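Engineer: Chains as they are written, first to last, in my numbering: chain A, 1 to 292; chain B, 293 to 574; chain C, 575 to 1006. For glycine and all other residues, C-beta sits at the position ideal for the given N, C-alpha and C. Here the structure is a predicted model, which is why all the values come from computation and not from measurement.
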Amino acid sequence: MKIRDRLENYVFVLPAVAIFSIFYIIPFIWVFQLGLFEWDGISFTKVFVGLGNFKEIFLQDVNWWRAMWNAGYITLIALTFQNVLAFMLAWACDREIKMKNFYRVIFFIPPVLSEVVVGMAWRFIINDIDGANIINRTLVGMGFPNLVHNWLSDPKTALTTVAIVHCWKGFGWGFLIFLAGLQTIPRELYEAARVDGASAWQSFRKITLPLMIPVAVLVAILTVLGTMQVFVLIVSLVGGEFAGHTSVPVLRILASMRGSSRFGYACAQGITFGMVLIVISFIQYRFSKKGQ
Amino acid sequence: MKNAFYYKTKKVIVNTLIHIFLISVAITCLYPLLWMISSSLKTQDMIFKDISLIPHQFRLENYVLAWQEGGFGRNFFNSIIYTVSVVFGIVIISSLAAYAFSRLRFIGSKFLFIMFMAAMMIPIPGSFVALYVLLNKLHLRNTPIGYILCMINVGLSTSIFLLKTFFDKMPKELEDAARIDGCSKIGIWWHVALPLAKPVLAVVIVFNALAVWNEYILALIIFDNRSFMPLQVALQSFQGEFVTNYPLLMAGLTITAVPIILVYLLMQKYIIKGVTQGAVVG
Amino acid sequence: MWFKNVLLGAFVLFLVLGCSAEKLDSKPTISIWHWMTDRDPTFQELAKKYETLTGVKVNFELYAPSDAYSQKIRAAAQGTNLPDVFGILGEKRDFASFIKAGHILDLTSYMEANNNSWKDSFFPKALAVNEFGPQNSYGINPGIFGVPIDIMTIQMVYNKKLFTQLGLNPNRPPKTLQEFLDIGAKIQAAGMQGLVSGWGEVWMIDCLANNYAFNLMGKDKVLATIKGEVSYTDPDWIKVFTIFKQMKDSGVLAQGLVTMINKSAEQLFANEKAVFAFNGSWCVNVYKGMNPGLEYGAMLPPEASDKYPIAIWGGAGSSFMVNARSKNKEEAVKFLVWLTNQDQQAYLAASTNNLPANKNSLSKIPEILAQFARGMDYATHPNVWGVSEFSLVIEAFDRGIQSIIIGEKTPEQVAIDVQRIKERELAKKRAQ
């Protein structure tokens, strides 16, 4: 009986593991071992270089680490600005207010739009000569003419501008998940607190926040994973790596694959990228466990 | 009297501020959508000259043209089939696995889960080529089912992660009650866990539907037959090598956005409904 | 409940559809994969015409955009599932790799048959891009491996109306670099935008920089640099880098140039928001679509020196190759011969405003295209030099110029950076 019981458990995970092994593990192994070769993606012969590619990434590839740094910067802004915004909007929509449904639909429109359209539309909104220059004109209209700037074509502000557009596109997801989370907190808890004389702020701090921490961790992990891989948006907003100012890891990998025809090296970069992401996620996870 | 008045004003002010906040964010969300729609109604030479949101003439025929030239009929149908199948597949497969990881004990459970998590974090560049070769060997290359299986895999890790997190939080009482009543494990999964998980399932559905609906590069690489191609591939034909037919592209993109918004509209109701059905927390 | 049933039904439906195998055709069908969206309708018409003439079916399949096409070809090559005819978008060394892997049919014998009749119908420079000469550095036996179906050149264009507004003669575009820079001051004063180009996409920067390199030091020295015999810190190279600094300082470059993709640049020029553009002859079709009334002319990049002639990049625009493993090789070659003969070339060229590869098809083309065609005399192309620079060096070179334009590095610094990477790559190569 017990054996049959245990076997039954495996049936639950069987389909997932089967598909995963075939469609992820096998390509992964192929890519992993390719990182040890120098290959142009076309020839039937490859050159074994052992850890040579990895050495090059860690010791010589300045462009790669700059791309990582840029991606990290965008991710940081996403973790703070984007997710705080998403949470605030979710909290606002959780209350009994009018037009709740309207907002819930509107806020999810940015994630639905393709990155290409988002890039084109925002380029139009922000840019001066090939766009409508709306941001600058609004700033002047609000009385801040000295804040006018070439947001996308100035190397100093390009990355931050890209990060903000990315946040605009991404907050809908955080909003959705936070809202789902907030909705699972039973109203009775708030009622009880109110009867006990707690203020709005106190019930927020003592009830809402603690119960939302696991959701927040989930959103944080998904944010990191999604944001570190951004690249289509960058190409449609600033045309490319902008002399390194807007390089990101995926663009570097694509450059290795297509520009330099170094497929093996690109695979090594991909593996390195994955390792960094795992480390970051692990740290996030540990951190959250401690917090609880 | 003073106290009541004070609280009432405070409430009004707070509510107004909240509304202003919500509306400003909503406007920024709407503008690009309106830009896309208004561009789709213009002509190629007016599209960047005329920067107002309201076009001078409404070229609704752009939509018909986009549909015809993009060969949308067949591709639209394909996209729907792929999205529905993949989402269906992921919902079943990942909820089974997530439930097992969360509630059932078996050797290797932790190891397998960590493997799925690691997969979520390691993007494979050049995986298209690997999948191409793999599917070729399995004789599944130029077939819808090959594509669907690949796409199921793509969304598996994240969906399992989302669902397991939810299942972990789920209170055990209902499951215990069902078990005492003689329900099998599968029965508990179907009758207890899944209904409770509706909000998360809705998120999983939207997430994966969006991913499959917008996918094009894998489809382009593994299909050689135009009649298997999804919508996004057809859309790319407006982005020419040199000439991009912007109005038609925007019309095409708008048409493409509609079904996904519909899916979201359907699903978001479940996310909110969850509160009345899952009221066993605490 | 009904929702679940619908899902189940759809699932079953697709299973049925999904398992349908491909049907086999009895007539010979030539499959051609291409990326040229703008020409797809024309290709389809030509395919039908050919079928009426010969009974052979030709299937043109479009896979766009070109990046995705490139990946598809490479994936198909891995699985040896290439179609009968296809194109290779990439550099000469990728072309060489394909040939070495046995994917490409050697067309030399077909070209030279009947006293070189096919070969001679092309502009030599168009063929040159598809040829591997004797003693090439790629290790390929000399021969012709591809068929050009159009030619193109990359030059500058200028807006005649804006010229008049600036007080310049619209029929006399700047011939020297100094004249060009002086116009920059006028552009700044008038509050207009100068040169636009897709310099976010680095290869276009590479193109112009290379044009000036040929102008300042001649072809031989440039090739010697690629071979590693001359350093990038040579004063001539520093002069090349300095030209970009001069252009930036003079105000003749448009704002945000380094963040533009070529399509944005084309938009700007078409909407008369820029005085100059650096673009390829394909732009004629693009501008026509966006602004049919645009008055503009083509010019060579203004010379920086009179020691050597200015060069521009030109040659075959798009080319097709035949799959060496194809079962329909002979038919495929026959189709390509037909496609590149005088009438079809004229038709292709006219329908999308491109330049034909067949030199007998030039009779009736619009004046602006004729101006581009005249540039062919000065044209060269990296794919005909017989040597390739290391891609990491090219990247550093192009990004360095981007840095000069945004004012972050000086020409001297960039030269040192590029040379450093060059030496590293040379050392790696020697170690192999």
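Counting only beta-carbon atoms, is B/N428 nearer than 8 Å to chain C?
Structural biologist: Against the second sequence, residue 428 of chain B aligns to sequence position 136. So, interface residue.
Engineer: Hey, how far is the Cα of B/I563 from the Cα of B/L488?
Structural biologist: Numbered from its first residue, the second sequence carries residue 563 of chain B at position 271. Numbered from its first residue, the second sequence carries residue 488 of chain B at position 196. Cα atoms of B/I563 and B/L488: separation of roughly 11 Å, rounded to the nearest angstrom.
Engineer: Quick check on the DSSP output: the beta strand (DSSP E) that includes C/Y732 runs from which residue to which?
Structural biologist: Reading the third sequence from its first residue, position 158 is the one you call residue 732 of chain C. Segment 725–733, the beta strand (DSSP E) holding C/Y732.
Engineer: Skipping 5 residues on each side, what residues in its chain have a beta carbon closer than 6 Å to that of A/Q202?
Structural biologist: Residue mapping note: residue 202 of chain A aligns to position 202 of the first sequence, counting from 1. Result list for A/Q202: empty, nothing under 6 Å.
Engineer: Which residues in the same chain as A/V13 place their Cβ atom closer than 7 Å to its Cβ, once the five residues preceding and following it in sequence are excluded?
Structural biologist: Start at 1 with the first residue of the first sequence, and residue 13 of chain A comes out as number 13. Nothing meets the Cβ criterion.
Engineer: Using a beta-carbon distance below 8 Å, is C/L736 in contact with chain A?
Structural biologist: Position 162 of the third sequence holds residue 736 of chain C. Not one chain A Cβ lies under 8 Å of C/L736.
Engineer: Could you list which residues in chain C have their beta carbon closer than 8 Å to that of A/D40, in chain order?
Structural biologist: Looking up residue 40 of chain A in the first sequence gives position 40. Here the neighbours are R667, D668, S671.
Engineer: Residues of chain E with CB closer than 7 Å to the CB of B/G365, please, in chain order.
Structural biologist: Absent from the structure: chain E. Protein chains present are A, B and C.
Engineer: Tell me C/Y870's beta-bridge partners as DSSP assigns them.
Structural biologist: In the third sequence, counting from the first residue as 1, residue 870 of chain C sits at position 296. Partner(s): C/N733.
Engineer: Using 8 Å as the Cβ pair cut-off and three pairs as the minimum, do the region 411–428 of chain B and the region 464–481 of chain B touch?
Structural biologist: no
Engineer: Mind checking if A/P210 is an interface residue toward chain B, Cβ cutoff 8 Å exclusive?
Structural biologist: Numbered from 1 along the first sequence, position 210 holds the residue referred to as residue 210 of chain A. A/P210 does not count as touching chain B.
Engineer: Can you check whether the CB of C/F754 is closer than 8 Å to the CB of C/I978?
Structural biologist: Translated into positions along the third sequence, residue 978 of chain C becomes position 404. Translated into positions along the third sequence, residue 754 of chain C becomes position 180. No. Outside cutoff.
Engineer: Using a Cβ cut-off of 7 Å, which residues of the region 398–421 of chain B contact any Cβ in chain C, in chain order?
Structural biologist: F420, V421
Engineer: Compare the beta carbon distance of C/L636 and C/D658 with 8 Å and say whether it is the shorter of the two.
Structural biologist: Working through the third sequence from its first residue, we reach residue 636 of chain C at position 62. Working through the third sequence from its first residue, we reach residue 658 of chain C at position 84. No, the pair does not count as a contact, with Cβ atoms beyond the cut-off.
Engineer: According to the Cβ coordinates, are A/R194 and A/A67 closer than 8 Å?
Structural biologist: In the first sequence, residue 194 of chain A corresponds to position 194, counting from 1. In the first sequence, residue 67 of chain A corresponds to position 67, counting from 1. Not in contact: A/R194 and A/A67 (Cβ atoms no closer than 8 Å).
Engineer: Is C/E635 close to chain B, meaning its C-beta is less than 8 Å from at least one C-beta of that chain?
Structural biologist: Stepping through the third sequence from its first residue, residue 635 of chain C is reached at position 61. Any Cβ of chain B closer than 8 Å to the Cβ of C/E635 would place that residue at the interface, and such an atom is present.
Engineer: Do C/T626 and C/T926 have their C-beta atoms closer together than 8 Å?
Structural biologist: For the purposes of this step, residue 626 of chain C is identified with residue 52 of the third sequence, where counting begins at 1. For the purposes of this step, residue 926 of chain C is identified with residue 352 of the third sequence, where counting begins at 1. No.
Engineer: Apart from the five residues just before and just after A/S288, which ones in its own chain have a Cβ nearer than 6 Å to its Cβ?
Structural biologist: For the purposes of this step, residue 288 of chain A is taken as the residue at position 288 of the first sequence. So the qualifying residues of the chain are V217.
Engineer: Starting from C/Q618, find everything on chain A with Cβ-Cβ shorter than 7 Å and list it in chain order.
Structural biologist: For the purposes of this step, residue 618 of chain C is taken as the residue at position 44 of the third sequence. In chain order: nothing, as chain A lies at least about 26 Å away.
Engineer: Between A/A193 and chain C, is any beta-carbon pair separated by less than 8 Å?
Structural biologist: To locate residue 193 of chain A, count along the first sequence from 1; it is residue 193. It does not; no Cβ of chain C falls within 8 Å.
Engineer: I'd like to check one pair, B/P347 with A/L113: are the Cβ atoms closer than 8 Å?
Structural biologist: As a first step, residue 113 of chain A is located in the first sequence; it is residue number 113 there, counting from the start. As a first step, residue 347 of chain B is located in the second sequence; it is residue number 55 there, counting from the start. In this structure, B/P347 does not lie closer than 8 Å to A/L113 by Cβ.
Engineer: Can you tell me which of the three DSSP states C/W607 falls into?
Structural biologist: Taking the third sequence and counting its residues from 1, one reaches residue 607 of chain C at position 33. Strand.
Engineer: To test your reading of the DSSP string, which unbroken alpha helix (DSSP H) runs of 4 or more residues are found completely within the region 923–998 of chain C?
Structural biologist: Correct list: 941–948, 965–979.
Engineer: Can you check whether the CB of B/F368 is closer than 8 Å to the CB of B/L558?
Structural biologist: Counting from one through the second sequence, the residue named residue 558 of chain B turns up at place 266. Counting from one through the second sequence, the residue named residue 368 of chain B turns up at place 76. Taking 8 Å as the Cβ cut-off, B/L558 and B/F368 do not qualify as a contacting pair.
Engineer: Measure the C-alpha to C-alpha separation of C/Y732 and C/A851 and round it to an integer number of angstroms.
Structural biologist: Sequence index remark: in the third sequence, residue 732 of chain C carries index 158 (1-based). Sequence index remark: in the third sequence, residue 851 of chain C carries index 277 (1-based). Each residue's alpha carbon lies about 6 Å from the other.
Engineer: Assign B/L502 to one of three DSSP states: helix, strand, or coil.
Structural biologist: Indexing the second sequence from 1 puts residue 502 of chain B at position 210. Residue state, collapsed to three classes: helix.
Engineer: Quick one: measure Cβ to Cβ for C/A675 and A/I135, integer angstroms, because I've assumed they're closer than 8 Å.
Structural biologist: Looking up residue 675 of chain C in the third sequence gives position 101. Looking up residue 135 of chain A in the first sequence gives position 135. Their Cβ separation, rounded to whole angstroms, is 51 Å, which puts C/A675 and A/I135 out of contact at 8 Å.
Engineer: Using CA atoms only, rank isn't needed, just tell me which of C/D724, C/A759, C/I673 is closest to C/I718.
Structural biologist: Taking the third sequence and counting its residues from 1, one reaches residue 718 of chain C at position 144. The shortest C-alpha separation from C/I718 is found at C/I673.
Engineer: Measuring alpha carbon to alpha carbon, tell me which residue in B/L448, B/A470, B/V317 is nearest B/H483.
Structural biologist: Numbered from 1 along the second sequence, position 191 holds the residue referred to as residue 483 of chain B. With distances taken between Cα atoms, B/H483 lies closest to B/A470.
Engineer: If we cut at 8 Å on Cβ distances, does B/T548 have a partner in chain C?
Structural biologist: Counting from 1 along the second sequence, the entry for residue 548 of chain B is found at position 256. No, no contact with chain C.
Engineer: Enumerate in chain order the residues of its own chain whose CB-to-CB distance from B/V378 is below 6 Å, with the five nearest sequence positions on each side excluded.
Structural biologist: Taking the first residue of the second sequence as position 1, residue 378 of chain B is located at position 86. Exclusion of the five residues before and after B/V378 leaves I440, M443, I444, V504 as the residues of its chain whose Cβ lies within less than 6 Å of its Cβ.
Engineer: Does the separation of the CB atoms of C/G891 and C/I725 fall below 8 Å?
Structural biologist: In the third sequence, counting from the first residue as 1, residue 891 of chain C sits at position 317. In the third sequence, counting from the first residue as 1, residue 725 of chain C sits at position 151. Yes, the pair counts as a contact, with Cβ atoms nearer than the cut-off.
Engineer: Using 8 Å for Cβ pairs, my map puts C/G774 next to A/F242. What's the rounded Cβ distance?
Structural biologist: Translated into positions along the third sequence, residue 774 of chain C becomes position 200. Translated into positions along the first sequence, residue 242 of chain A becomes position 242. Yes, they are in contact, since the Cβ atoms of C/G774 and A/F242 sit about 7 Å apart, within 8 Å.
Engineer: Using a Cβ cut-off of 7 Å, which residues of the region 2–13 of chain A contact any Cβ in chain B, in chain order?
Structural biologist: R6, E8, N9, Y10, F12, V13
Engineer: What does the alpha-carbon distance come out to for the pair A/Q33 and A/V11?
Structural biologist: Residue numbering aside, residue 33 of chain A sits at position 33 when the first sequence is read from its first letter. Residue numbering aside, residue 11 of chain A sits at position 11 when the first sequence is read from its first letter. The straight-line gap from Cα to Cα measures roughly 31 Å.
Engineer: Based on DSSP bridge pairs, tell me the residues matched to A/I109.
Structural biologist: Within the first sequence, residue 109 of chain A is the residue found at index 109, counting from 1. The partner list for A/I109 (beta bridge, DSSP) is empty, contrary to what the question assumes.
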